[in-house]
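First the structure, in the form of structure tokens, and then the observations on it.
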Amino acid sequence: MPSALAVFACRPNSHPFQERHVYLDEPVKIGRSVARCRPAQNNATFDCKVLSRNHALIWFDHKTCKFYLQDTKSSNGTFVNSQRLSRGSEESPPCEVLSGDIIQFGVDVTENTRKVTHGCIVSTIKLFLPDGMEARQRS
Numbered sequence: 001m002p003s004a005l006a007v008f009a010c011r012p013n014s015h016p017f018q019e020r021h022v023y024l025d026e027p028v029k030i031g032r033s034v035a036r037c038r039p040a041q042n043n044a045t046f047d048c049k050v051l052s053r054n055h056a057l058i059w060f061d062h063k064t065c066k067f068y069l070q071d072t073k074s075s076n077g078t079f080v081n082s083q084r085l086s087r088g089s090e091e092s093p094p095c096e097v098l099s100g101d102i103i104q105f106g107v108d109v110t111e112n113t114r115k116v117t118h119g120c121i122v123s124t125i126k127l128f129l130p131d132g133m134e135a136r137q138r139s
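Letter by letter, the sequence shown follows residues 1 to 139 of full-length UniProt numbering.
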């Protein structure tokens, strides 16, 4: 069976990352890179200090033909079009996402000691159905 596809494109206000093309054969973990899981163009692992290791999940539901995003108890939050999905360190209910939505993982964090700001991941997401057609967008 062909797979649905999520394309994460970096926005100007984001911690920089290369565009990602992630096939959603099963729920895909979004998170911070660790030694055994490095960023790649076909995954949702980011080299970004403000993400949790297990930050969120994204998946495609074949029954409803919809895409969903869920915060998995991240410290700094997951946002869809500037709306936070859950309170700090709480799992969110699944949230339907549409093609063209602005997805943000984490918030900018400034270290007091070094006056260094660590940026968050901000992405425009393009979603494609298993037949290759772009999923519906917000009206």
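In this text, a Cβ means the ideal position worked out from N, Cα and C, and glycines have one as well.
I need the straight-line Cα distance from residue i to residue j, nearest angstrom please.
i    : j    : result
P130 : G100 : 17 Å
Q41  : E91  : 27 Å
A4   : D25  : 7 Å
L69  : E19  : 18 Å
P12  : Q104 : 12 Å
P39  : P16  : 12 Å
E134 : N112 : 43 Å
G119 : K63  : 36 Å
S75  : P93  : 16 Å
For residue i versus residue j, is the C-beta spacing smaller than 7 Å?
i    : j    : result
D71  : L85  : yes
V97  : V122 : no
G106 : V50  : yes
L127 : A6   : yes
F8   : I125 : yes
Within the continuous beta strand (DSSP E) that includes residue i, where are the two ends?
i    : result
S139 : That residue, S139, is in no beta strand (DSSP E); it is neither H nor E in DSSP.
E96  : C95 to V97
A6   : L5 to C10
Check your understanding: Can at least three beta-carbon pairs, one atom from the region 45 to 62 and one from the region 23 to 33, be found at a separation below 8 Å?
Key -> Contact holds between the region 45 to 62 and the region 23 to 33, because three or more Cβ pairs, one in each stretch, are under 8 Å apart.
**Study point:** Segments assigned beta strand (DSSP E), at least 3 residues, entirely inside the region 48 to 77
**Key:** Annotation: the region 48 to 77 contains the following complete segments of the beta strand (DSSP E) (minimum length 3 residues), in chain order: 56 to 61 and 66 to 71.
Review point. Which whole runs of the beta strand (DSSP E) in the region 84 to 129 are 3 residues long or more, in chain order?
Key: Taking only runs of at least 3 residues, the beta strand (DSSP E) segments lying wholly in the region 84 to 129 are 95 to 97, 102 to 105, 109 to 111, 116 to 118 and 121 to 128.
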